[in-house]
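Asks: The structure that follows is given in the form of structure tokens.
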Amino acid sequence: MGDEEKKKGGFFRAVKEFVYGVAAHDSARFALKSRANMEHLFILITMGDMLGVPILPPYYSLRLLPYVVPQISTWKRRMLREKDLTDALA
Amino acid sequence: MILISLTTIFEKYPDRRYIMFGGKGGLGKTTFSAATAYYLAKKGKRVLVFSVDPQASLSDIFKKDIFGKGPTEIMPNLYAQEIDADRRIKEYQQEIRQKILDMYGMDAIPEEIESYIQAAAAEPAMEESAIFDEVVDIVVKGGYDYYIYDLVPLGHALYYLSMASVYDEWIDKITNLRQQMREYDQVAAVIRRDKELDEDAILNELLYIKERINKSSSILTDKKKTAFFFVITAEQMIITDTLKAAELFAKFDVPLSGYVVNRVLPESLNQQDIPEYLRNRLVMQEKYMKVIDETFKDQILAYVPEMDRDVTGLEMIEKLANKMFGDI
Chain A
6 MGDEEKKKGG FFRAVKEFVY GVAAHDSARF ALKSRANMEH LFILITMGDM
56 LGVPILPPYY SLRLLPYVVP QISTWKRRML REKDLTDALA
Chain B
48 MILISLTTIF EKYPDRRYIM FGGKGGLGKT TFSAATAYYL AKKGKRVLVF
98 SVDPQASLSD IFKKDIFGKG PTEIMPNLYA QEIDADRRIK EYQQEIRQKI
148 LDMYGMDAIP EEIESYIQAA AAEPAMEESA IFDEVVDIVV KGGYDYYIYD
198 LVPLGHALYY LSMASVYDEW IDKITNLRQQ MREYDQVAAV IRRDKELDED
248 AILNELLYIK ERINKSSSIL TDKKKTAFFF VITAEQMIIT DTLKAAELFA
298 KFDVPLSGYV VNRVLPESLN QQDIPEYLRN RLVMQEKYMK VIDETFKDQI
348 LAYVPEMDRD VTGLEMIEKL ANKMFGDI
């Protein structure tokens with residue numbers, strides 16, 4: 006591959022990223038944000054008893070625990086913030 | 048006035064392989080479970096009688112310590128099992144810890160997570176859930192012609208049943224939520240032209256849990272394969288409570304096969320010189336027997352006499368089985 010082609014590829018990638026940034030980045034961000042909100046809601050209804058909200062039989066909630074370990078601390082912070090809980094769902 | 052006997056039920060419906068005796072505490076559920084297991088084993092069927100009660104008494108009735116030892120042979124074709132819920136919970140907790148350590152390459156469980164694991168195990172529903180889960184293992188594993196559930200007293204049995212339907216609805220809801228989350232993932236992935244989405248491990252777990260619960264509740268409510276008997280005695284409170292329970296069980300679609308009356312004092316006593324106390328008991332029994340006959344009519348499958356000593360050991364179990372099923 007010559008220098009010329011490399012430059013070309015770099016240029017196209019830059020254009021592609023630019024177009025993505027202008028047109029689609031916000032939508033992707035929105036989708037991911039909604040996803041994150043639902044993630045918190047999901048952890049709330051499965052692991053709610055960590056906050057003293059007993060919601061589901063603990064035997065099976067333990068099965069899910071390993072998958073949500075990384076989210077637990079951010080989730081707790083978020084849920085315990087002084088804020089109306091419904092804000093988290095908005 | 049035995050119209051249909053207990054024996055007839057077993058002969059007429061050989062597909063009913065899951066047998067349960069329900070009733071208030073202390074009326075003879077465990078005894079009847081053991082005697083039925085004995086009867087079926089004598090008939091050449093392979094039978095497992097197991098206890099779903101954390102305070103199980105199968106060890107006492109068979110005079111053999113079977114607690115937590117898996118299915119134990121009592122006599123040819125007859126196996127008994129008492130589930131050690133505590134041990135199962137401990138092993139399960141360890142499994143979860145190991146999974147976390149493996150998944151994230153940690154050396155130790157974070158404090159927050161560890162305290163959650165411990166708190167969860169102390170929940171009151173934990174023992175029941177653990178037993179519930181093990182019963183699914185037992186039944187799925189197969190290997191027996193008959194499974195006899197030595198049930199917990201009525202209140203708990205209802206809890207056990209309602210747990211199945213509550214679990215079921217709950218799991219449906221969160222599975223839906225999880226699926227929605229996945230759709231958002233997909234949208235983001237398409238926009239960002241990510242090649243492939245990782246499999247959603249949580250969704251898979253949820254589907255697994257759902258399948259376990261469905262299996263268990265489908266057995267409890269399977270009209271073809273399940274026979275549920277109520278144990279009653281000739282006392283006002285027992286009759287009233289059993290009627291209430293029967294209504295509730297019907298709501299959960301539990302197929303009720305009939306009633307067995309236990310602790311019947313022999314009427315021949317009347318001709319003998321007996322103390323006032325016993326005579327009064329006989330009068331009371333006569334009164335409530337009428338109530339029972341009018342209330343449950345042809346759903347009564349057997350009248351089992353009060354035995355002259357407590358039923359423990361195979362010899363007494365055999366005696367009782369003969370009274371229940373006619374001479375074997």
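Residue numbers (my numbering), protein chains in the order written: chain A, 6 to 95; chain B, 48 to 375.
By construction, the Cβ of each residue, glycine as well, lies at the ideal position given by its N, Cα and C atoms.
It should be emphasised that the depicted structure is a prediction, and the values quoted were computed from it without experimental measurement.
1. What are the residues that DSSP puts in a beta bridge with B/Met67?
2. Determine the contact status of B/Gln102 and B/Ile185, defining contact as a CB-CB distance below 9 Å.
3. Should A/Arg34 go down as buried or exposed, given a rule of 16 or more other Cβ atoms within 10 Å for buried?
4. Helix or strand or just coil, what does DSSP make of B/Arg225?
5. At a cut of 8 Å, does the stretch 282–298 of chain B reach the stretch 60–77 of chain B through at least three beta carbon pairs?
6. Please report whether the beta-carbon of A/Thr51 lies at a distance below 9 Å from any beta-carbon of chain B.
7. In chain order, what residues of the same chain have a beta carbon less than 8 Å from the beta carbon of B/Asp192, not counting five sequence neighbours either side?
8. Do the stretch 70–81 of chain A and the stretch 231–238 of chain B meet, that is, are 3 or more Cβ pairs less than 8 Å apart?
9. Measure the alpha-carbon distance for B/Lys89 versus B/Asp269 and round it to whole angstroms.
10. Taking only the alpha-carbon atoms, compute the straight-line gap between B/Lys271 and B/Asp300 and give it to the nearest angstrom.
11. Closest to B/Asp247 by CA distance: which of B/Lys262, B/Ala368, B/Glu230 is it?
12. Here's the rule I'm using: 16 or more other beta-carbon atoms within 10 Å means buried, otherwise exposed. How should B/Met153 be labelled?
13. Quick check on A/Thr51: buried or exposed, where buried means 16 or more other Cβ atoms within 10 Å of its Cβ?
14. Please look up how many angstroms separate the CB atoms of B/Gly286 and B/Tyr350, rounded, as I've assumed it's under 8 Å.
15. Taking only three categories from DSSP, how would you classify B/Glu58?
16. Using a Cβ-Cβ cutoff of 8 Å, what residues of the stretch 34–47 of chain A are near chain B? List them in chain order.
17. Given a limit of 9 Å on CB to CB distance, which residues of the stretch 309–327 of chain B reach chain A?
18. According to DSSP, simplified to helix, strand and coil, what is B/Leu50?
19. Where B/Leu348 and B/Ile266 are concerned, what is the direct C-alpha to C-alpha distance, given to the nearest angstrom?
20. What residues of chain C sit near A/Arg18, judged by a beta carbon separation below 9 Å?
21. Going along the stretch 157–178 of chain B in order, which residues come within less than 8 Å of chain A, judged by CB to CB distance?
22. In angstroms with no decimal places, state the Cα-to-Cα distance between B/Glu142 and B/Ala281.
23. Out of B/Leu148, B/Glu314, B/Ala167, point me to the one whose CA is closest to B/Lys137's CA.
24. Give a yes or no on whether the minimum CB-CB distance between A/Val27 and chain B is below 9 Å.
25. Thinking just about the alpha-carbon of each residue, which of A/Tyr25, A/Leu69, A/Tyr65, A/Met43 is nearest to the one in B/Asn223?
26. Keeping to the same chain, check which residues put their C-beta closer than 6 Å to that of B/Tyr306; ignore five residues upstream and five downstream.
27. If we define contact as Cβ-Cβ less than 9 Å, is A/Val24 a contact residue for chain B?
28. Compute the Euclidean distance between the alpha carbons of A/Lys13 and A/Ala19, then round it to the nearest angstrom.
29. Within 10 angstroms of its Cβ, does B/Ile49 collect 16 or more other Cβ (buried), or is it exposed?
30. When the distance is taken between beta carbons, is B/Ile160 closer than 9 Å to B/Ile147?
31. Per the DSSP calculation, B/Val94 is bridged to which residue(s)?
32. When the distance is taken between beta carbons, is B/Asp100 closer than 9 Å to B/Ser106?
33. Taking a cut of 7 Å between CB atoms, which residues from the stretch 230–251 of chain B lie near chain A?
34. If you compare alpha carbons, which of B/Tyr163, B/Thr54, B/Gln332 is closest to A/Ser78?
35. Can a CB atom of chain A be found closer than 9 Å to the CB of B/Lys76?
36. State the start and end residues of the unbroken alpha helix (DSSP H) segment that holds B/Ser315.
Replies: If we stick to the structure as given:
1. Here residue 67 of chain B is taken as the residue at index 20 of the second sequence, counted from 1. B/Met67 pairs with B/Tyr196, B/Phe275.
2. For the purposes of this step, residue 102 of chain B is taken as the residue at position 55 of the second sequence. For the purposes of this step, residue 185 of chain B is taken as the residue at position 138 of the second sequence. Their beta carbons are not under 9 Å apart, which means B/Gln102 does not touch B/Ile185 by this criterion.
3. Taking the first sequence and counting its residues from 1, one reaches residue 34 of chain A at position 29. Result: exposed.
4. Residue mapping note: residue 225 of chain B aligns to position 178 of the second sequence, counting from 1. If DSSP states are grouped into helix, strand and coil, B/Arg225 belongs with the helices.
5. yes
6. For the purposes of this step, residue 51 of chain A is taken as residue 46 along the first sequence, with counting starting at 1. Output row for A/Thr51: interface = yes.
7. Here residue 192 of chain B refers to the residue found at position 145 of the second sequence. Cβ neighbours of B/Asp192 beyond the five flanking positions: Arg64, Leu87, Lys92, Arg93, Val94.
8. no
9. Against the second sequence, residue 89 of chain B aligns to sequence position 42. Against the second sequence, residue 269 of chain B aligns to sequence position 222. Between B/Lys89 and B/Asp269, the C-alpha separation is close to 26 Å.
10. In the second sequence, residue 271 of chain B corresponds to position 224, counting from 1. In the second sequence, residue 300 of chain B corresponds to position 253, counting from 1. Cα-Cα distance, rounded: 12 Å.
11. In the second sequence, residue 247 of chain B corresponds to position 200, counting from 1. When only C-alpha atoms are compared, the closest one is B/Glu230.
12. The residue you call residue 153 of chain B lines up with position 106 of the second sequence. Looking at its Cβ environment, which holds fewer than 16 other Cβ atoms inside 10 Å, B/Met153 is exposed.
13. Along the first sequence, read from residue 1 onward, the residue named residue 51 of chain A stands at position 46. A/Thr51 should be labelled buried.
14. In the second sequence, residue 286 of chain B corresponds to position 239, counting from 1. In the second sequence, residue 350 of chain B corresponds to position 303, counting from 1. It should be pointed out that residue 286 of chain B corresponds to Ile in this sequence rather than to Gly. Going by Cβ atoms, the distance from B/Ile286 to B/Tyr350 rounds to 14 Å, so no, they are not a contact pair.
15. By one-based count along the second sequence, residue 58 of chain B stands at place 11. Looking at B/Glu58 - three-state DSSP - the assignment turns out to be helix.
16. Ala36, Leu37, Ser39, Arg40, Met43, Glu44, Leu46, Phe47
17. none
18. In the second sequence, counting from the first residue as 1, residue 50 of chain B sits at position 3. In this prediction, B/Leu50 scores a pLDDT of 47, lower than 50, which makes its location untrustworthy; the coordinate-derived value is nonetheless stated afterwards. Here B/Leu50 sits in coil by DSSP.
19. On the second sequence, residue 348 of chain B is found 301 positions in, with the first residue counted as 1. On the second sequence, residue 266 of chain B is found 219 positions in, with the first residue counted as 1. Their backbone Cα atoms lie some 23 Å apart in a straight line.
20. No chain C is part of this structure, whose protein chains are labelled A and B.
21. Pro157, Glu159, Ile160, Tyr163, Ile164, Ala166, Ala167, Ala168, Glu170, Ala172, Met173, Ser176, Ala177
22. As a position in the second sequence, residue 142 of chain B is number 95, starting the count at 1. As a position in the second sequence, residue 281 of chain B is number 234, starting the count at 1. Spanning the two alpha carbons is a distance of roughly 49 Å.
23. Sequence index remark: in the second sequence, residue 137 of chain B carries index 90 (1-based). Of the listed residues, the one whose Cα sits closest to B/Lys137 is B/Ala167.
24. Residue numbering aside, residue 27 of chain A sits at position 22 when the first sequence is read from its first letter. Taking Cβ atoms only, chain B never reaches closer than 9 Å to A/Val27, which makes this a no.
25. What you label residue 223 of chain B is simply residue 176 of the second sequence in a count that begins at 1. The candidate whose alpha carbon is nearest that of B/Asn223 is A/Met43.
26. Walking along the second sequence from the start, residue 306 of chain B turns up at place 259. Result list for B/Tyr306: Phe277, Ile279, Phe343, Gln346, Ile347, in chain order.
27. Taking the first sequence and counting its residues from 1, one reaches residue 24 of chain A at position 19. False, the Cβ-Cβ gap to chain B never drops below 9 Å.
28. As a first step, residue 13 of chain A must be located in the first sequence, where it is residue number 8. As a first step, residue 19 of chain A must be located in the first sequence, where it is residue number 14. The straight-line gap from Cα to Cα measures roughly 10 Å.
29. Translated into positions along the second sequence, residue 49 of chain B becomes position 2. Residue confidence for B/Ile49 is low, a pLDDT of 45 falling below 50, so the modelled location carries little weight and cannot support an answer.
30. If you number the second sequence from 1, residue 147 of chain B lands on position 100. If you number the second sequence from 1, residue 160 of chain B lands on position 113. In this structure, B/Ile160 lies closer than 9 Å to B/Ile147 by Cβ.
31. One-based indexing of the second sequence puts residue 94 of chain B at position 47. Looking at the DSSP assignment, B/Val94 forms a beta bridge with B/Leu125, B/Tyr193.
32. By one-based count along the second sequence, residue 106 of chain B stands at place 59. By one-based count along the second sequence, residue 100 of chain B stands at place 53. Not in contact: B/Ser106 and B/Asp100 (Cβ atoms no closer than 9 Å).
33. Tyr231, Asp232, Val234, Ala235, Ile238, Arg239, Ala248, Ile249
34. Residue numbering aside, residue 78 of chain A sits at position 73 when the first sequence is read from its first letter. Of the listed residues, the one whose Cα sits closest to A/Ser78 is B/Tyr163.
35. By one-based count along the second sequence, residue 76 of chain B stands at place 29. No, because no Cβ of chain A sits closer than 9 Å to the Cβ of B/Lys76.
36. Taking the second sequence and counting its residues from 1, the one referred to as residue 315 of chain B is at position 268. Where B/Ser315 is concerned, there is no enclosing alpha helix (DSSP H), given that its DSSP letter is neither H nor E.
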